[in-house]
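Presented below is the structure to which this report refers.
Written out as structure tokens, the structure reads:
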């Protein structure tokens with residue numbers, strides 16, 4: 001109980017999502033010895049280099065939330081990072097084949113930075129803000145993931161991103177419209193000669209898109 005209370009106080013002091021604790025902040029603010037004691041007792045676990053959180057809370061997190069915790073941790077130590085591909089998809093809560101992702105995907109990363117996968121080929125992408133974090137736009141994220149995933153997984157992601165609200169389950173607007181996605185996919189196909197994203201965009205709603213083509 002005492003360890004849980006100590007971790008609660010540390011997490012409250014940090015003020016970050018998931019109660020994340022940054023070593024550099026602890027050092028500057030004078031509570032690094034308390035964090036070190038929590039780490040040595042196994043009460044704190046490392047989420048990413050230099051960032052910790054309550055071990056008990058970490059164990060209770062589902063895989064998708066562990067992925068988000070790693071993304072937020074990366075943003076705390078690399079505030080200029082732009083999240084892309086799988087990490088951007090996770091921020092948009094799009095379905096992924098694996099929920100618990102160890103690596104954080106960004107447009108660019110410093111050489112030698114641990115736990116990052118860089119995608120410089122998408123460095124021209126539009127950047128937006130999602131939950132206070134820099135990330136590729138919904139359309140760009142869907143296009144990137146359409147090429148990164150197997151066909152069936154990519155189709156599920158495309159459908160989730162473009163799903164219209166209904167009266168039963170889905171009340172939020174789609175991340176992007178089917179027409180927006182198709183237009184972007186066709187522009188990409190013209191540049192690269194790869195029509196896979198166009199095929200996926202059409203397959204997501206073949207009746208609607210065949211009439212729009």
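In the UniProt record's numbering, the protein residues as written are 1 to 213. The C-beta atom is built at its ideal place from N, Cα and C for all residues, glycine as well. Predicted, not measured: the structure shown is a model, and the values here were computed from it.
Cβ-Cβ distances below 6 Å link residue 145 to 89, 157 in the same chain, with the five nearest sequence neighbours on each side left out; the list follows chain order. A contact is defined here as three or more CB-CB pairs under 8 Å, and the region 63–81 meets this definition with respect to the region 126–134.
DSSP, reduced to helix, strand and coil, places residue 93 outside both helices and strands of the structure shown, so it counts as coil. If you compare the alpha carbons of 63, 189, 111 with that of residue 143, the shortest gap goes to 189. Assignment of residue 139 by DSSP, reduced to helix, strand and coil, places it in the helix class.
Burial check for residue 87: the Cβ neighbour count within 10 Å reaches 16 or more, so the residue is buried. For the pair residue 204 and residue 109, the Cα-to-Cα distance works out to about 33 Å.
Secondary structure of residue 51 (DSSP, three-state): strand. About 6 Å separates the CB atoms of residue 35 and residue 21; that is less than 8 Å, so the two are in contact.
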